[in-house]
Every structure is written in C-alpha cells, then in structure tokens.
Amino acid sequence: MAQRLSALPASGWVFCLSLLVCFFVGCRKPATTETNAEGPWFEDITDEVGLDFIHDPGPVDDQYFMPQMTGSGSALFDFDGDGRLDIYLVNNGGPKGRPNRLFKQMPDGSFEDVSKGSGLDFSAYCQGVAIGDVNNDGYPDVLVTEYRGVRLFINNGNGTFTEETIQAGLDNPLWATSAAFVDYDRDGWLDLVIVNYVNYDPVKDCLSPNGQRDYCAPGSFSGTVSKLYRNLGKQPAGKTPRVRFEDRTIPSGLAAHAGPGLGVLCADFDGDGWPDFFIANDGKPNHLWINQKDGTFREEAVVRGVAFNAMGKAEANMGIAWGDVDGDGLQDVFVTHLSIETNTLWKQGPRGLYEDRTSKSGLHRPTTRATGFGTLLGDFDNDGALDVAIVNGAVVRSPPKETGVNRFWSQYMQRNQILANDGTGRFRDLSSANAGAKGLCGYENVGRGLAVGDVSNTGSLWLLATSVAGKARLYRNVAPDRGHWLVMRAFDPALKRDALGAEITVRADKRVWVRTVQSNGGYITSNDPRAHVGLGKVDRVDSIDVLWPDGTAEVFAADGVDRPIELRKGKGKPAPGKR
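Residues 8 to 586, numbered by my numbering, are exactly what the sequence shown covers, in order.
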C-alpha cells in the first residue's frame, strides 16, 4: 500500500533502487503508443445527477492514522428491487465523523439521498462494502468492513436496514478491508470471506524515505488472518428466524497463512466448478485458496503461478480484476501495484495455471506510472474485448500541489488510467483521451475504490470512483461507436436471488465470451452483479451456457442482442455434465 522503502531490508533497497533508476532513466518510453484517435470514453456527471458526497477520512493531524490511507469504497446495487442501480458510499472518519450515505436512483436517472432513517447512515472507520442476499428473501443485504470490525445489515424490503452483526455470529475485531459473499460449499446459502490487513499499532511513528513523518508501511506490522464464515441459514430466534454464520477460519485451513490482505476475488481458478479465493497481499506473496470440496482449502498461489511476478518478487498487491482478456475462454487475473512496480497481468493457460504476461500485454510501460488501487476489467466500448480502468493515488508524500483542495491530501494525488484492449490481450493507454475537464483521467485524486455497472440499463458500463478526502464521482459511458451487447442476470428463483458464482458463456460467430457472476469488486467495492458482454459487430448469439453455483448446467437461447436478459435457473435446457 505504501512506497515501502523505509521498512525494507538491504536486499529490498537494492531492488527498489534498481526500479527507481528504471523509472527515472530508462522506462519512460511506453511499449504501446497512446492515441487520441478515440474520443473520451467517460464523462463525469456527478453534479448533474445530484450525487453530492465528499469522503471523510477523519482529521489530519500528527498521528498519521494509517486506516485513512487505505480509503473507503462503495456499492452499486438495487436495494429496493425497482430495477435501477442505487449507490452506497462509506466514510472512515470514525464514530464522530460524517455518516455513510445511501442514494436511490430515481426514474429520471438522478439520485436522491435516502440515508436518513435507512439504518445505513452510521459513522465509523469504514473501509469497504460487500453485497449479498444472506437470508434468501429477495433483497440484497449489506456488509461494511471497518478498522477493527465488520457490520451486517439485513434489508427489510421497505427501504430500511437492521444491523444484525452480533445476532448473525460475526465477530471480526481485526482491521477488515475487502470482503465477498460466496457459496463456497454449494448449499444455497451465501457464505462470507473477510480479508484483514495488518496488526496496526497507532502509536508507532514512521518516516518516508526522505525522513519526513508519514503513514506507516505494512511491513512495519505483522499480517493477519483472513476469515471465513459459513452461512448456516435461518436459525430459530424467538418468533423470527435469523440468519446465522459459523466461523470456519481454522477448520477450513485459512488460519494457516496470515498476510497483509487488501483485495479479494472469489472465482473458479482451477476449473473444477467450485469457487476459490484469491487474496491480494500488500508487499507479501498473494494467497490462492483452492476449494477442496469438503469445506477445506489448500493454499496454492506459488504452484499455480500467482504468488509472485515474473521476477519472483512479491509486490504491493492491492486491487484485483478477473476476466478473459484474449478471448480464449480462460479467465485471467490483473492486480494493481505501486508506481515503482508494474501492475501485473497473470494469463491463465493451461487451465488452472497462470503466467505473468505483463510485458507481452503491453502493460509493463504505461505512459504514466502511478500507484493503483481499485481496478476492473470491462468492455467499455462493447467491441468484444475487456479493457482496464484503474484509480490511482500515492501513499508516500510528494510536494503539495495548488489544486484548490486540501493541501495535505494534495501530496498524495495522482491521475487515473484507462487502457484499451485490441482484442488479442494487448493494451494501449487511452488516459490522455480521457483527460478532459470531465474525464476519468482529467484530475488528480487519492483514488481508492472503483465500482462498475450498467447504471442506465442501456448496455453501457458506467464507473463510480471514490478517493480519500475527495468527491465520489459517477462517470457516464460516452465511448463512441459502441458495439452490440448483452446484459445478463443469472437468477435462481428457488433462492430468490442472484446466483453469485455462476459462470456464463456466450457463444456466437465461432467466438466465446466467459463471465463470472460476482458482486465483489476486488478492492473495497461491490459491483452490479449482472454479467455484461460487448459483442462488437456480432448481432446474433448462438447460445448462452450457464454453469450454476451448485454445479448443474443449462443452455439458454438468446432472442436478439442489445437487450437485458434474465437467465432463470430451471428454464434453460439441461446441459450434459456437472462439475
């Protein structure tokens, strides 16, 4: 999370100094030329739609309270079932800071603050948000991660939420960052993975490489264990059954390896149809927990190739994105890092094994180096290939900037980035084309969270970006010449909810597009759970295959493109095989 020089041993200093030489002397020429041929892809419409949120990180003082630096995230989700994505934004100013806020999307596309009385308008050292219907009642529930805690809010179905953290059996007194809901045992109830960061000591003083007081690096503290809670379903509790979780961290095996975790992604990494957990560790090897199908997990990041980069180094792993970047039907992993490192792409192939292909993809020498946090893979121009968006923000002080904003936080501001995929898994930097006054890359921020969704229900992906002490910004997709598309909701009517973990394969014109239905956003955010596929010039889909979370498979017909589709479990044709 930070430029870690102050906490490195001698060997680490040599490595980092070599990277600094590369950065300042030999790494300025990008491998792929930036082009302005395309117009901007995103336009800031925050003020236009009435989204008036400024993040509260708490007071700036001589304490350099480390949780301020990790930022706070957001959620794009339909909390009231009206078919429109709403927005939840959290603060980490502490119990006396500004409260979190809930915004409802109105029929005209504007957003109305409905925080008061919602139950979600509380103040704490909040970090991230995870969304999932934990009691299978048809309404998405909300989990908020915090410095030294988590909180679970049950959706009452009437615009209000009730906290049931203690009643649900959730007890996580650690520094929780990202979290995700996933049905790891395939019993129909969403379980919970919570990623914890470091054993932070607020009284410890830390210095930047130039000797200034600054936020501590994670290497100054020991890592902590990520936790796994199994959903036991509704349990008797007086007149009203309540959902109950059981701590399975030790029996599952997750307690065997601690780490400074920041990001989490739940997906099928080895191709057996069971969800696995990828955890991005800050400055330490990543963890990949492979599901053993018996309630236990085995850590296999090293043998599967995602623990280190191609040089065998553990980097400052933060945000995670998941998707098939070259259309071979195998999904790949992208992780953000420090400005003195490279954001890394691990390409899958053969199935279940991964290789660092950062250099071959053109991602090793962007036009601008920055420290990336929130990231995602999405087809922003609907040309059939997944692009990359990254929100950036430094973690080590630089000279203050005269930006008209808080002078203190200006020392950490950087510009965001957009990288376009040419369809073969090679990327070019489009940040300059998006650097206008309302562009995603047109301003500096201490970027942290990045959420994505089809906010307008028109088949175009919009972005929601959060930053430390800055505005939450909503970006409308204005990419020119967008291609055809499908937006697919995988819905299980027996469970009354989105089938998180389902794998969707769209087949058309001898091509395949694979998507995993998931709401967790890799780093402290929750996304639109619907699967989006850009089809380019393809205007007819042959079939849509769904591998449901319980291992059953179905094939659905697609009646046209450029439309939303609800894939209801049990309504497709049974497909052979079960994983």
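Even glycine gets a Cβ: it sits at the ideal position worked out from N, Cα and C.
Measuring CA to CA, which of the options is closest to residue i?
i, options, result
"Asp128", "Ala137, Gly90, Lys580 and Thr169", "Thr169"
"Phe380", "Asp386, Gly90 and Leu457", "Leu457"
"Ile551", "Lys544, Asp557 and His539", "His539"
"Asp569", "Arg504, Arg522 and Gly466", "Gly466"
"Gln424", "Val402, Val453 and Trp520", "Val453"
"Asp363", "Val562, Gly312 and Leu337", "Gly312"
"Gln355", "Pro66, Pro248, Asp339 and Gly240", "Asp339"
"Tyr71", "Met113, Gln219, Ile138 and Val141", "Gln219"
"Ala479", "Thr184, Pro216, Arg455 and Asp488", "Arg455"
"Gly5", "Gly145, Glu153, Glu55 and Ile94", "Only positions 8 to 586 of the chain appear in this structure, which leaves residue 5 out of reach."
"Leu239", "Gly391, Asn142, Phe276 and Ala317", "Asn142"
"Pro487", "Val403, Phe387, Arg586 and Pro583", "Phe387"
"Lys580", "Leu468, Ile572, Ala564 and Glu573", "Ala564"
"Tyr95", "Gly490, Val189, Val136 and Asn324", "Val136"
"Lys291", "His264, Glu322, Ala317 and Arg305", "Glu322"
"Ile52", "Thr184, Gly529 and Arg483", "Arg483"
"Tyr327", "Leu295, Val548 and Asp301", "Position check: residue 327 holds Ile in this sequence, whereas Tyr was assumed. Per the Cα distances, Leu295."
"Ala472", "Tyr450, Gly268, Val402 and Gly260", "Tyr450"
In or out: residue i buried (at least 16 other Cβ within 10 Å) or exposed?
i, result
"Pro500", "exposed"
"Ser227", "buried"
"Leu159", "buried"
"Leu447", "buried"
"Asp208", "exposed"
"Asn527", "buried"
"Ala476", "buried"
"Leu554", "buried"
"Gly33", "Unreliable positioning characterises Gly33 in this predicted model, as indicated by a pLDDT of 35, which lies under 50. A coordinate reading is not provided."
"Asn428", "buried"
"Ser366", "exposed"
"Thr247", "exposed"
"Val250", "buried"
"Thr431", "exposed"
"Glu573", "exposed"
"Val210", "exposed"
"Asp283", "buried"
"Asp546", "exposed"
Alpha carbon to alpha carbon, what distance is there between residue j and residue i?
i, j, result
"Val202", "Trp492", "34 Å"
"Trp416", "Leu150", "28 Å"
"Phe278", "Asn298", "Rather than Phe, the amino acid found at residue 278 in this sequence is Gly. Each residue's alpha carbon lies about 11 Å from the other."
"Ala82", "Pro406", "33 Å"
"Thr512", "Phe341", "20 Å"
"Gly334", "Val398", "25 Å"
"Pro373", "Arg435", "8 Å"
"Cys223", "Ser533", "27 Å"
"Val309", "Ala444", "44 Å"
"Val232", "Tyr132", "20 Å"
"Ala274", "Ala515", "24 Å"
"Leu470", "Leu360", "31 Å"
"Gly400", "Trp520", "32 Å"
"Lys576", "Phe252", "26 Å"
"Thr382", "Glu561", "31 Å"
"Thr378", "Ile61", "22 Å"
"Pro583", "Arg522", "20 Å"
"Pro6", "Ser122", "Past the edges of the chain, shown from 8 to 586, lies residue 6, and the structure says nothing about it."
"Arg404", "Thr303", "42 Å"
"Asn179", "Gly230", "15 Å"
"Asp461", "Met76", "29 Å"
"Asn589", "Glu348", "Absent from the structure is residue 589, since the part of the chain shown begins at 8 and ends at 586."
"Arg422", "Lys103", "31 Å"
Which residues does DSSP pair with residue i in a beta bridge?
i, result
"Ile572", "Met495"
"Asp120", "Phe110"
"Ile531", "BP columns for Ile531 are empty, so no partner."
"Ala183", "Asn203"
"Glu362", "Lys354"
"Tyr450", "Paired residues: none, contrary to the question."
"Gly400", "Met420"
"Trp520", "Val513"
"Pro225", "According to DSSP, which records beta bridges pairwise, Pro225 is partnered with nothing at all."
"Trp196", "Note: Trp196 sits in no beta bridge, so no partner."
"Arg586", "Per DSSP, none; premise fails for Arg586."
"Glu561", "Val553 and Pro581"
"Cys133", "Glu153"
For residue i, verify whether its CB is less than 6 Å away from any heavy atom of the ligand ADP.
i, result
"Val141", "The ligand ADP is absent from the structure shown, which contains no ligand whatsoever."
So, does the CB of residue i fall closer than 7 Å to a CB anywhere in chain D?
i, result
"Tyr236", "No chain D is present in this structure, which holds just one protein chain."
Quick one: complete alpha helix (DSSP H) runs, 4+ long, within the stretch 236-278? 256-259
Identify every run of the alpha helix (DSSP H) within the stretch 274-325, keeping only runs that are complete inside it and at least 4 residues long; order them along the chain. 308-311
Where are the beta strand (DSSP E) runs, 3 residues long or more, that stay fully inside the stretch 41-79, in chain order? 49-51
May I have a chain-ordered list of the beta strand (DSSP E) segments no shorter than 3 residues that lie completely inside the stretch 409-442? 424-428 and 434-436
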